[in-house]
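Heads up, the sequence shown is in the numbering used here, so the first residue is 13 and it goes up one at a time. Take a look at the structure set out below.
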Amino acid sequence: MHPLYEQHRDRIISPVQIQNRRVPPGIMRRPSAALELKRNLEAVEIARDRLHQARRALRRAVRGNMHDMASKIEPSATAAPIVDMVRANKLGLVVIDGSSAMEGNGPTDGIQVPMETIIAGTNPLATDMVAASLMGFQPDEISAFTWAHRVGLRPRRLQEIETRGEPLDRVRREFERPVLVPWNPADAPLLG
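Structure (structure tokens):
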């Protein structure tokens with residue numbers, strides 16, 4: 013039963029109570045009121061579910077369209093949109109929670125590894141480059157970094173980034189590489 017129906021159940025009376033005139037003031041007096049309320053609440057629940065499904069389908073369609081357009085520019089179909097989002101937003105502080113991380117084919121088929129690291133910076137590209145370095149990746153291995161450099165974002169090299177705290181070499185560990193699959197618009201409906 014719907015939560016609202018359960019919440020107001022004590023305020024809805026039965027036909028027997030009406031016949032015996034034991035109806036307190038302010039209580040619904042029609043025997044069909046409970047059934048009517050229940051039907052209305054069920055209709056609202058159905059409408060809300062349909063709206064949720066429509067919103068989800070729209071998000072998938074927009075996401076798929078974005079990837080389709082981006083795949084014409086670069087194969088991963090994610091690097092260009094990520095760089096566009098970074099350029100469109102002025103980020104004051106970028107924090108990466110590296111208390112634990114996932115290597116390999118995350119987030120569903122990866123292996124969780126402890127890192128016990130927090131990375132923070134004021135430049136999103138520099139912050140991500142440091143995080144990738146700690147996982148054993150070179151900047152040219154990450155398509156989003158290559159794309160960021162093409163559109164003029166800096167830094168270009170890890171040596172240009174000022175780091176503080178624990179030396180990177182003491183925290184770095186070699187991560188298992190993911191299997192990268194180029195975006196294929198024909199497969200988009202399967203990825204939903």
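Cβ coordinates follow ideal geometry from the N, Cα and C atoms, glycine included.
For D96, there is no enclosing beta strand (DSSP E); the enclosing alpha helix (DSSP H) covers residues 91-100. Here the alpha carbons of V142 and E178 stand approximately 12 Å from one another. Residue pairing by DSSP places A132 opposite V107 in a beta bridge.
Around the beta carbon of D140, 16 or more other beta carbons lie within 10 angstroms, which makes this residue buried. In this structure E86 is buried. Its beta-carbon is surrounded by 16 or more other beta-carbon atoms within 10 angstroms. For R169, no alpha helix (DSSP H) encloses it, and the DSSP letter there is neither H nor E. Per DSSP, reduced to three states, the secondary structure at S88 is coil, with no helix or strand assignment. Per the coordinates, the alpha-carbon of A100 lies some 18 Å from the alpha-carbon of T158. For I154, the secondary structure class from DSSP, reduced to helix, strand or coil, is coil. Of the candidates E188, P93, L192, E153, the residue whose Cα lies closest to the Cα of I123 is E188. At least 9 Å separates the beta-carbon of A144 from that of A91. Residue pairing by DSSP places M114 opposite Q124 in a beta bridge. The C-beta distance from A132 to V107 rounds to 5 Å, short enough to meet the 8 Å contact threshold.
DSSP places L180 inside the alpha helix (DSSP H), whose first and last residues are 180-183.
Comparing alpha-carbon positions, the option among G118, V98, M127 lying closest to S111 turns out to be M127.
V193 carries a coil assignment under DSSP once its states are collapsed to helix, strand and coil. By a beta-carbon distance limit of 8 Å, L146 does not contact L103. Their separation comes to about 20 Å.
When the five nearest sequence neighbours on each side are left out, the beta carbons in the same chain lying within less than 8 Å of the beta carbon of V98 are those of P136, L137, A160, L165, in order along the chain.
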